[in-house]
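Numbering (our numbering), first residue to last: 1426 to 1672.
Structure, rendered in structure tokens:
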């Protein structure tokens, strides 16, 4: 399955599920705190923070990115690139955890012939934030993921914030198991080479303040509008679907 086919399947799926398809923004962002567009969320920051009302309740895109914050990993692992395209779906006060989990699992596991990405459920693992009982419950009830395929990880792995006062929240990641030839058993908590992250679902539900670092802050309450921000690396999905050794 080629990258163009994966991207089109992604956009078709989300368009059929009521998402507005948004063109990729420029690699050079207007955000003064960034040199380039480093992630799919960058063009949507005004909507996610509530500075500007979103013109649509849900959206999907394929965003071109230059990943300056991961540049030291390029060449050291088979799964990082300086340039990549991020598949994203977004909800601005519309669906939340249940919808994001349901959409992600359905698209990943739906067969190729039915327009999905055709991943085998037995090759997929899920991580959730250590205190996120709701997300774990939804993975089990909505997606049917076995409890032994769900791992709880800490704030350094499964919590998102910008490092500034504003929105934040737990995240849930989906991993593909490349098999025993690539590392030890034990799930995503044990080995990044064997268990490759393919999709990150961010649940923006809290407001934070007194930010001392990206991992050290005070939660002051729930956001008035809960948002969904997801990201899946197009080239990473392609290398796993094609069964090759690197991107």
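C-beta: ideal position from N, C-alpha, C; glycine also.
Since this is a predicted model, take the numbers as computed values, not measurements.
State the start and end residues of the unbroken alpha helix (DSSP H) segment that holds residue 1527.
Taking the chain shown and counting its residues from 1, one reaches residue 1527 at position 102. It spans 1522–1534 - the alpha helix (DSSP H) in which residue 1527 sits, taken as one unbroken run.
Should residue 1460 be labelled buried (16 or more other beta-carbon atoms within 10 Å of its own) or exposed?
Translated into positions along the chain shown, residue 1460 becomes position 35. Result: exposed.
For residue 1438, three-class secondary structure by DSSP
Translated into the one-based positions of the chain shown, residue 1438 becomes position 13. The DSSP-derived three-state label of residue 1438 is helix.
Buried or exposed: where does residue 1552 fall if 16 or more other Cβ atoms within 10 Å of its Cβ makes it buried?
Here the question's residue 1552 lines up with position 127 in the chain shown. When all chains shown are included, residue 1552 counts as buried.
If we ignore side chains and look at the alpha-carbon of each, how far apart do residue 1582 and residue 1565 end up?
Here the question's residue 1582 lines up with position 157 in the chain shown. Here the question's residue 1565 lines up with position 140 in the chain shown. Going by the C-alpha atoms only, they are around 21 Å apart.
Kindly confirm or deny that the segment 1521–1540 and the segment 1651–1662 touch, where touching means at least three C-beta pairs closer than 8 Å.
Yes: the two stretches touch, three or more of their Cβ pairs being nearer than 8 Å.
Please specify which runs of the beta strand (DSSP E), each continuous and at least 3 residues long, are wholly inside the segment 1577–1646, giving them in chain order.
Those beta strand (DSSP E) runs which fall completely within the segment 1577–1646 and span 3+ residues are 1584–1586, 1591–1602 and 1620–1638.
Could you give the C-beta distance for residue 1635 and residue 1628, rounded to a whole number, given that I count them as a contact under 8 Å?
Along the chain shown, one-based indexing puts residue 1635 at 210. Along the chain shown, one-based indexing puts residue 1628 at 203. Not confirmed; about 21 Å, so no contact.
The beta strand (DSSP E) that contains residue 1483, what's its start and end?
Within the chain shown, numbered from 1, the residue matching residue 1483 stands at position 58. Boundaries of the beta strand (DSSP E) around residue 1483: 1483–1491.
Any idea what DSSP makes of residue 1551, helix, strand or coil?
Here residue 1551 corresponds to residue number 126 of the chain shown, with the count starting at 1. Residue state, collapsed to three classes: strand.
Pull up the distance between the alpha-carbon of residue 1576 and that of residue 1538, whole angstroms please.
In the chain shown, the residue the question calls residue 1576 occupies position 151. In the chain shown, the residue the question calls residue 1538 occupies position 113. One C-alpha to the other measures close to 31 Å.
With burial defined as no fewer than 16 other Cβ atoms inside 10 Å of the residue's Cβ, what is the status of residue 1488: buried or exposed?
Here residue 1488 refers to the residue found at position 63 of the chain shown. By the neighbour-count rule (16 or more Cβ atoms within 10 Å), residue 1488 is buried.
Mapping DSSP to helix, strand and coil, what is residue 1427?
To locate residue 1427, count along the chain shown from 1; it is residue 2. Three-state result, residue 1427: coil.
Quickly, what does DSSP pair residue 1445 with across the bridge? List them, please.
Stepping through the chain shown from its first residue, residue 1445 is reached at position 20. Answer by DSSP bridge pairing, in chain order: 1484.
Straight-line CA distance for residue 1482 to residue 1605?
Along the chain shown, read from residue 1 onward, the residue named residue 1482 stands at position 57. Along the chain shown, read from residue 1 onward, the residue named residue 1605 stands at position 180. Roughly 42 Å between the two C-alpha positions.
Exposed unless 16 or more other CB atoms sit within 10 angstroms - verdict on residue 1485:
Mapped onto the chain shown, residue 1485 falls at position 60. Residue 1485 comes out buried.
Any chain D beta carbon closer than 9 Å to residue 1541
Among the chains of the structure shown, chain D does not appear; only one protein chain is present.
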